[in-house]
Structures are given as C-alpha cells and as structure tokens.
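A short write-up of the structure that comes next.
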Amino acid sequence: TQLLEQSPQFLSIQEGENLTVYCNSSSVFSSLQWYRQEPGEGPVLLVTVVTGGEVKKLKRLTFQFGDARKDSSLHITAAQPGDTGLYLCAGAAGGTSYGKLTFGQGTILTVHP
Amino acid sequence: NAGVTQTPKFQVLKTGQSMTLQCAQDMNHEYMSWYRQDPGMGLRLIHYSVGAGITDQGEVPNGYNVSRSTTEDFPLRLLSAAPSQTSVYFCASRPQGGDLYNEQFFGPGTRLTVL
Numbered sequence: 020t021q022l023l024e025q026s027p028q029f030l031s032i033q034e035g036e037n038l039t040v041y042c043n044s045s046s047v048f049s050s051l052q053w054y055r056q057e058p059g060e061g062p063v064l065l066v067t068v069v070t071g072g073e074v075k076k077l078k079r080l081t082f083q084f085g086d087a088r089k090d091s092s093l094h095i096t097a098a099q100p101g102d103t104g105l106y107l108c109a110g111a112a113g114g115t116s117y118g119k120l121t122f123g124q125g126t127i128l129t130v131h132p
Numbered sequence: 006n007a008g009v010t011q012t013p014k015f016q017v018l019k020t021g022q023s024m025t026l027q028c029a030q031d032m033n034h035e036y037m038s039w040y041r042q043d044p045g046m047g048l049r050l051i052h053y054s055v056g057a058g059i060t061d062q063g064e065v066p067n068g069y070n071v072s073r074s075t076t077e078d079f080p081l082r083l084l085s086a087a088p089s090q091t092s093v094y095f096c097a098s099r100p101q102g103g104d105l106y107n108e109q110f111f112g113p114g115t116r117l118t119v120l
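Structure representation (structure tokens):
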C-alpha cells in the first residue's frame, strides 16, 4: 500500500506571509497532483507534476516534484485570504492507474487578513 | 455540461438501513471512482470502474457495492449502514488514457450521517 504523508496538517498565517506544504512517501509515484478543496465542494485540480525535479508555477504557487519522485512541495508566496482552503496531494502509481489516486491527509490553510 | 453530479447532498440514516448514493457525469468519461473523506485522513478510494460493466475494489470497499450499467452513472450502495460509514462521499470521473496527466473531476459530495 502506497502512503502519502502530508505536513503540516494545519497552517494559520497572516496575509502576505509565505508558506510551504510538504508531501512525502517511501514509494515512487509516476505522477503527483495537487488539489484545492473549499468547504462543501469537491477537490479541484491545481497542477500535475510528472518528471523528477520538475518545477511548475501557477501565479504565486510553486510546485516541485522530488528528483526521486517520492515527494513534492507546494510553496505559496505572499499568501492571500483567498488562498484559504484544504490542500491535498495525490499520487498515481506506475503503469496504468485507472484513475486510482492515493491522497495525503490534507493541509487546512487559513490566511488571516 | 453539468460535470459530475451527486444526489442527495445530505442524508441521515439509522444503523441497518440501506441506501444508494447517485452519481452521474455527462463528459463521456470512462473512469469513475467513489471516495470517502474523513477528517485527517484525506480521501480514500472505495470502488472504481474503468468502463460500463467493469468495477473493482479500492482501499476501503467493505460495506459498499457498486455497479456500472452505463457510462454516465455509477451508483454506490450501502447495504446495511453503520456509524463508521458516517463520512463525506465524493464521486469522480476522468477520461481514459493519459494516466499521468489526466485530471479527476469531482462531484460536490454527499454528506452522510449514520445514527
């Protein structure tokens, strides 16, 4: 069974601060996705990383996939209240995964004005 | 397109009752999945389907049944509800192929409470 350990579980910061969320595993994933979820809604995809060492930027969000494809991080620069939400990492196993994802426990981010 | 729709949005059951959570998608996606979300545990896969007539178990299948008679619909059945099945249930779909990049589209969820 592949596991994804996500940390921290809770993050409460002031507007303008920077933060990093980590997603770690002892298993290798063929790809890793980051989702954002708002209360009462389903998760929505932010990004998919596939190549070891890959870095993707989405405005103030920077996503990195570890060289060994076992870990990933999400860095938010100058956080805003609109970034508040639950952030989930999800890994897909090698080969044909048929849409089966292994999710981390999630990080609840609160950005205070 | 409506995307992935789920009904009901909220449900309260008594222990031992049965019910079906409905899920439908209008994107002609081959793959559909059911997840449950519990505090501090992320989303866990219950059952999934790679096409009409084909289903398989995920990580936590006990107490749940699924069927896939059409591409559009993927209902989840609780045979005899237990308090441990209190959770938020999400249905998701994605297109076939391109496993590395394809996005899963999630429904809005069903919040189930079993008393």
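Going down the list, the sequences are from chains A and B. Those letters in the first sequence? Residues 20 to 132, by my numbering. Those letters in the second sequence? Residues 6 to 120, by my numbering. For every residue, glycine included, the Cβ atom is placed at its ideal position computed from N, Cα and C. The model shown is predicted, which means the values in this text are computed figures rather than measured ones.
Asked                                                                                                                                                       : Found
Report, in whole angstroms, the separation of the C-beta atoms of residue 50 (chain A) and residue 111 (chain A), which I expect to be a contact under 8 Å. : 5 Å
Closer than 8 Å by beta-carbon distance: list the chain B residues that pair up with residue 125 (chain A), in chain order.                                 : 45, 47
Runs of 3 residues minimum, wholly inside the stretch 23-97 of chain B: which ones carry the beta strand (DSSP E) assignment?                               : 24-30, 36-42, 48-56, 59-62, 69-71, 81-83
Return the chain-ordered ranges of every beta strand (DSSP E) run that is complete within the stretch 62-113 of chain A and spans a minimum of 3 residues.  : 63-68, 74-77, 80-84, 90-95, 104-111
With distances taken Cα to Cα, identify the nearest neighbour of residue 29 (chain A) among A:120, A:132, A:104.                                            : A:104
In the DSSP assignment, the beta strand (DSSP E) including residue 38 (chain A) goes from what residue to what residue?                                     : 38-43
Could you name the residues of chain A that residue 108 (chain B) contacts, counting a contact when the two beta carbons are closer than 8 Å?               : 52, 64, 67
Over the uninterrupted beta strand (DSSP E) stretch that includes residue 56 (chain A), give me the two end residues.                                       : 50-56
For a cutoff of 8 Å on Cβ pairs, would you count residue 61 (chain A) as touching chain B?                                                                  : yes
DSSP three-state call for residue 20 (chain B): helix, strand or coil?                                                                                      : coil
Heavy atom of the ligand NAP less than 7 Å from the Cβ of residue 120 (chain B), yes or no?                                                                 : This structure lacks the ligand NAP, and indeed carries no ligand of any kind.
Give me the Cα-Cα distance between residue 115 (chain B) and residue 42 (chain B), rounded to the nearest whole angstrom.                                   : 10 Å
What residues match up with residue 26 (chain A) in a beta bridge as DSSP calls it?                                                                         : A:41
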